[in-house]
Each structure stands twice: as C-alpha cells, then as structure tokens.
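Peer 1: Protein chains in written order, with our numbering: chain A, 2 to 152; chain B, -7 to 214. Handing you a structure now.
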Amino acid sequence: MQDTSTKEAFEPRIIGFCCKFCAYAAADLAGSMRISYPASVKIIQVPCTGRIDMIHILKSLEDGADGVMIAGCLEGECHFLQGNFKARSRVEAVRRILAQIGMEPDRVAMFNLSSAMGPKFAEITAQMTDRIRQLGPSPVATAGKKSRDAA
Amino acid sequence: MIIASKKPIEEIIQEITPYSRILILGCNECVTVCEAGGKKEVEVLASALRIFCLSQGIEKTIGEHTLERQCDHEYLEEIRNMVDDYDAIVSLACGVGVQFAAEKYLTMPLLPGVNTVCLGANEDRGLWTERCQACGSCVLARTGGICPVSRCAKRVLNGPCGGSTNGKCEISKDTDCAWQLIIDRLKALDKMDDYEAVAPVKDWSKDRAGGPRTVTREDVKI
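What follows is the structure in structure tokens.
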C-alpha cells in the first residue's frame, strides 16, 4: 500500500481524448482565458469522441498511462449526432474489462462539455488528476518502469 | 451465420494460467460479423490480458493473429511456422474453428475464447437472434419461411401449442410464438391451405439424433 506522501508526490500521466468541436476548443478557451489546468493530461484531438475505440483506451493503459479521460460534447449536442453516446458505451465496456482484470475502472472516465466551457475543462482535468492521484500509479506503468530499469 | 458470444475474461485468464506464451487467434468470418472473435476482438482481448499480466507482475507473452477462416486447412496452415513460438492458442473462432485447429496442431493446447451460441441473423445493431438449428431437412417451404424447429421452444411441427398467448410463447413474453408468426405469414401469402395440411413425421435422424453429420459432394471433389 502506498503512503499518502508518495501519492501526493506522484504526478499522474493521463491521456485525454478530446473532441475537436467541444473539449479541445474548451481547452483552447481555457488557455485564452489564462486558466491553468494540470499538465498531467496529455491531450489527443479526435474528430469526434465516436472515433475512439476500446482499443485506443486499452492501448493507452497498456503503454503506461495512469488514467484515460474522454471528453466529448454535451449529450444531445454531438456534431455527428450520436458520437458521444457511442463513446460513453465504449468507455463503460472498457471499465467493465478493467473490473474483470482487477484494475480500478475509475482510471477511465468520460466527461461532457461544450466549447464555451473553458473553466469546466480546467475543472474536469483537475478532477481527473485528483482521482488518479488517489488511485496511485498504474501497476502497468510501474511494471514497465521496472523492466526498463532492469534492462 | 454462426453466432458466438465473448467468454468472460476471468474465465480466459483461468484457462491460460499454466501457459506462458499464448497466441490469441481470431477468425475473419462469422465471429467477425457478430463482433465476438475478429481482428478487433483479438486486439482488445490481447491488450486486456497484457494489462492484467503487467499489473499482476506475471510474465507472459501474448501474441495476436487473425486468419481468414479457421475451418479450412489452407488458412490454418498459415500459422504452421508460428505455433512453435507459443505454448497454447486461445481461439476466438466458433467451436468448429477451435476443433479444426486442435486437430491440425495435435500437441498444441487449444482454448476457446468464445461461446458458440447458434445459427442466427443480425436483427439489429448488437442483437443477434437464432434462425436455424441445422436439423438437416428443411421445412420452411410449408411454414411460410419461418422455422418451427429453431423458433418454437417445443419444436412443434403442427402448432401452435396451448402455451401461445397473444402471439407470445409461454417461455417468455419477449419470445414470439413461431406458429403465430407462421400463421400470420401464411395469411399474408394467402396460403393458409398449407397450414391445414398435417406435417408428416419428421426424419430426426438427419438432425443430431443420427450422430455427427457429414456432407459429401462427389461433383466438387478433386
């Protein structure tokens, strides 16, 4: 069990799949508004969260991400009508897989926001960072680091 | 097509425990269409197993490969040079593919990664329903194209039975009474005379009752 001091020192590595039409624009807006958000989230722009497949989320975790957040449009406001609903069901499917293999499902989360919500973007990234910090480093990342160190 | 459903990952983890080098083998045919064992499902399962092994500190090699078909010699031959690198194969093909691979690679443990469910149709996105039981002697010509063998819980050939209520079967209110469907369709076809004819006794020896079945076609043999 990790002690709290280590958890606080731990800087999570989070992959953030952000929809071009909302979350990515919201991140831009947060920047324009000079609102800072945690550097722990590495943003990957996608044309729609409906483009994200289960394998993208799993590969991120397999390659050592401590968490994965998917940020799409508000429900009912997807540019491609249903992309964010499809993303949500895939996120749920990945969370079920994680539960089956003994990983914390909370390492993967879906958020909804609009392009006008710059402060909200900063809020969800902080929320996700806190959540992952509480969960601690991913055991996959730790195992990967150990094998790299051994080599 | 053959419909399969994914096995729970816990069950697959249990099965692969004794082995350290595992090949996840997909099939490009029916199981790809019913999204249980195609290339994509191979990738997802392999990734999930790798995450499991890394997070638990278990050292295993998980390989991935998908064949055009696992129920044909020529495609199964593709992995001939590959199998020596593995201790076991988890096949995501239907039961046919798993068995055919097992027959071909005698000393290689073959573990099924899906449950083979039925012969069915893709009724809606994410919904597959049974349509055929491969009984070996098709009666669809006189039942309005609706199969009483696969769709009637009792396989009644002169129905409906007393359990049919408001067009639904007594086993579940969500299950259509096959004979209600047959009557509705025969009415639409104006062929209710077919319904009046008593079905002859069915030759069940052509079903599973006659043991494993084979089809031999002299005209296509080489």
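Note that beta-carbon positions come from the ideal geometry of N, C-alpha and C, so glycine has one too. A quick note: this is a predicted structure, and the numbers were derived from the prediction, not measured.
Tell me whether B:M184 sits in a helix, a strand or coil according to DSSP, three-state version.
Peer 2: Against the second sequence, residue 184 of chain B aligns to sequence position 192. In the structure shown, B:M184 sits in a helix (DSSP, three-state: H, G or I).
Peer 1: Using the beta-carbon of each residue, which ones in chain B are nearer than 8 Å to A:G103?
Peer 2: Here residue 103 of chain A refers to the residue found at position 102 when the first sequence is read from its first residue. Here the neighbours are F44, S47 and Q48.
Peer 1: Give every residue of the same chain whose Cβ lies closer than 6 Å to the Cβ of B:T135, excluding the five residues on either side of it in the sequence, and list them in chain order.
Peer 2: Walking along the second sequence from the start, residue 135 of chain B turns up at place 143. Answer for B:T135: I174, listed in chain order.
Peer 1: From the DSSP output, which residues share a beta bridge with B:N114?
Peer 2: Numbered from 1 along the second sequence, position 122 holds the residue referred to as residue 114 of chain B. According to DSSP, B:N114 bridges with B:W120.
Peer 1: Pull up the DSSP beta-bridge partners for B:N107, would you.
Peer 2: Here residue 107 of chain B corresponds to residue number 115 of the second sequence, with the count starting at 1. For B:N107, which the question treats as bridged, DSSP gives the partners B:S(-3).
Peer 1: With a cut-off of 8 Å on the beta carbons, I'd call B:E35 and A:I58 a contact; round off their distance for me.
Peer 2: Counting from 1 along the second sequence, the entry for residue 35 of chain B is found at position 43. Counting from 1 along the first sequence, the entry for residue 58 of chain A is found at position 57. Their Cβ separation, rounded to whole angstroms, is 12 Å, which puts B:E35 and A:I58 out of contact at 8 Å.
Peer 1: Is the Cβ of A:A66 closer than 7 Å to any Cβ of chain B?
Peer 2: Counted from its first residue, the first sequence places residue 66 of chain A at position 65. No, A:A66 lies away from the interface with chain B (no Cβ there is under 7 Å from its Cβ).
Peer 1: So the beta strand (DSSP E) B:H57 belongs to, where does it begin and stop?
Peer 2: Residue 57 of chain B sits at position 65 when you count from the first residue of the second sequence. Note, B:H57: beta strand (DSSP E), T53 to L59.
Peer 1: Report the rounded CA-to-CA distance for B:T121 versus A:L30, giving the unit in angstroms.
Peer 2: Counted from its first residue, the second sequence places residue 121 of chain B at position 129. Counted from its first residue, the first sequence places residue 30 of chain A at position 29. Looking at the two C-alpha atoms, the distance is approximately 48 Å.
Peer 1: Find out if the Cβ-Cβ distance for the pair B:K198, B:S142 is shorter than 7 Å.
Peer 2: On the second sequence, position 206 is the one that residue 198 of chain B refers to. On the second sequence, position 150 is the one that residue 142 of chain B refers to. Contact: no.
Peer 1: If you drop the 5 nearest sequence neighbours on each side, which residues of the same chain put their C-beta closer than 6 Å to that of A:S61?
Peer 2: Start at 1 with the first residue of the first sequence, and residue 61 of chain A comes out as number 60. Cβ within range, chain order: I16 and V69.
Peer 1: For a contact defined as C-beta to C-beta under 7 Å, what are the partners of B:E2 on chain A?
Peer 2: One-based indexing of the second sequence puts residue 2 of chain B at position 10. What B:E2 touches in chain A: Q101.
Peer 1: So that I know if they touch, is there some Cβ in chain A lying closer than 7 Å to that of B:E35?
Peer 2: Here the question's residue 35 of chain B lines up with position 43 in the second sequence. True, the Cβ-Cβ gap to chain A drops below 7 Å.
Peer 1: I want to see whether chain B comes within less than 7 Å of A:S6, judged by CB atoms only; does it?
Peer 2: For the purposes of this step, residue 6 of chain A is identified with residue 5 of the first sequence, where counting begins at 1. Note on A:S6: pLDDT 46, under 50, position unreliable in the model; the coordinate value appears next. It does not: the Cβ of A:S6 has no partner Cβ on chain B nearer than 7 Å.
Peer 1: Rounded to the nearest angstrom, what separates B:T58 and B:P152 at their Cα positions?
Peer 2: The residue given as residue 58 of chain B occupies position 66 in the second sequence. The residue given as residue 152 of chain B occupies position 160 in the second sequence. Their Cα atoms are separated by approximately 45 Å.
Peer 1: Leaving out the 5 sequence neighbours to the left and right, which residues in its chain are closer than 6 Å to B:A191 when beta-carbon positions are compared?
Peer 2: Position 199 of the second sequence, counted from the first residue, corresponds to residue 191 of chain B. Hits under 6 Å: L149 and N150.
Peer 1: Evaluate contact between the segment 128 to 147 of chain A and the segment 85 to 100 of chain B, counting only Cβ atoms and requiring at least three cross-stretch pairs below 8 Å.
Peer 2: The segment 128 to 147 of chain A vs the segment 85 to 100 of chain B: no contact.
Peer 1: Who pairs with B:R13 in a beta bridge, going by DSSP?
Peer 2: As a working note, residue 13 of chain B is residue 21 in the second sequence. Looking at the DSSP assignment, B:R13 forms a beta bridge with B:T53.
Peer 1: In this structure, does DSSP put B:T208 in helix, strand or coil?
Peer 2: Here residue 208 of chain B refers to the residue found at position 216 when the second sequence is read from its first residue. In the structure shown, B:T208 sits in coil (DSSP, three-state: anything other than H, G, I, E or B).
Peer 1: Anything in the segment 43 to 73 of chain A with a Cβ closer than 7 Å to a Cβ of chain B? List those residues in chain order, please.
Peer 2: Taking 7 Å as the Cβ-Cβ cut-off against chain B, the residues of the segment 43 to 73 of chain A that qualify are M55, I56, L59, K60, L62 and E63.
Peer 1: How many Å lie between B:C127 and B:C110 at the Cα?
Peer 2: Residue 127 of chain B sits at position 135 when you count from the first residue of the second sequence. Residue 110 of chain B sits at position 118 when you count from the first residue of the second sequence. Distance between the alpha carbons of B:C127 and B:C110: 12 Å.
Peer 1: Quick check on this structure: which residue in A:I102, A:C20 and A:Q135 has the alpha carbon closest to the alpha carbon of B:C45?
Peer 2: As a first step, residue 45 of chain B must be located in the second sequence, where it is residue number 53. Answer by Cα proximity: A:I102.
Peer 1: Strictly below 9 Å CB to CB, what residues from chain B border A:A28?
Peer 2: Residue 28 of chain A sits at position 27 when you count from the first residue of the first sequence. Chain B residues near A:A28: none, gap ~27 Å exceeds 9 Å.
Peer 1: Please classify A:V92 as buried or exposed, where buried requires at least 16 neighbouring CB atoms within 10 angstroms.
Peer 2: Within the first sequence, residue 92 of chain A is the residue found at index 91, counting from 1. That one is buried.
Peer 1: Closest to B:L181 by C-alpha separation, out of B:R123, B:D168, B:I138 and B:N158, would be which residue?
Peer 2: Counted from its first residue, the second sequence places residue 181 of chain B at position 189. The option with the nearest alpha carbon to B:L181 is B:I138.
Peer 1: Counting only C-beta atoms, is A:A110 closer than 7 Å to chain D at any point?
Peer 2: The structure shown has no chain D; the protein chains it does contain are A and B.
Peer 1: Assess, as a yes-or-no matter, whether the segment 93 to 107 of chain B is touched by the segment 66 to 80 of chain B under the definition of 3 or more beta carbon pairs within less than 8 Å.
Peer 2: With a cut-off of 8 Å, the segment 93 to 107 of chain B and the segment 66 to 80 of chain B count as touching, because enough Cβ pairs lie within range.
Peer 1: To which residues of the same chain is A:A88 closer than 7 Å at the C-beta, ignoring the five residues directly before and after it?
Peer 2: Start at 1 with the first residue of the first sequence, and residue 88 of chain A comes out as number 87. Cβ within range, chain order: T50, G51, I53, I71, G73 and M111.
Peer 1: For A:Q46, report the span of its beta strand (DSSP E) as first-last.
Peer 2: Here the question's residue 46 of chain A lines up with position 45 in the first sequence. Element bounds for A:Q46: V42 to V47.
Peer 1: Do B:C19 and B:I(-6) have their C-beta atoms within less than 7 Å of each other?
Peer 2: Looking up residue 19 of chain B in the second sequence gives position 27. Looking up residue -6 of chain B in the second sequence gives position 2. No, the Cβ-Cβ distance between B:C19 and B:I(-6) is not below 7 Å.
Peer 1: Who are the neighbours of B:S39 on chain A, taking C-beta pairs under 7 Å?
Peer 2: Reading the second sequence from its first residue, position 47 is the one you call residue 39 of chain B. Simply I56, L59, K60 and E63.
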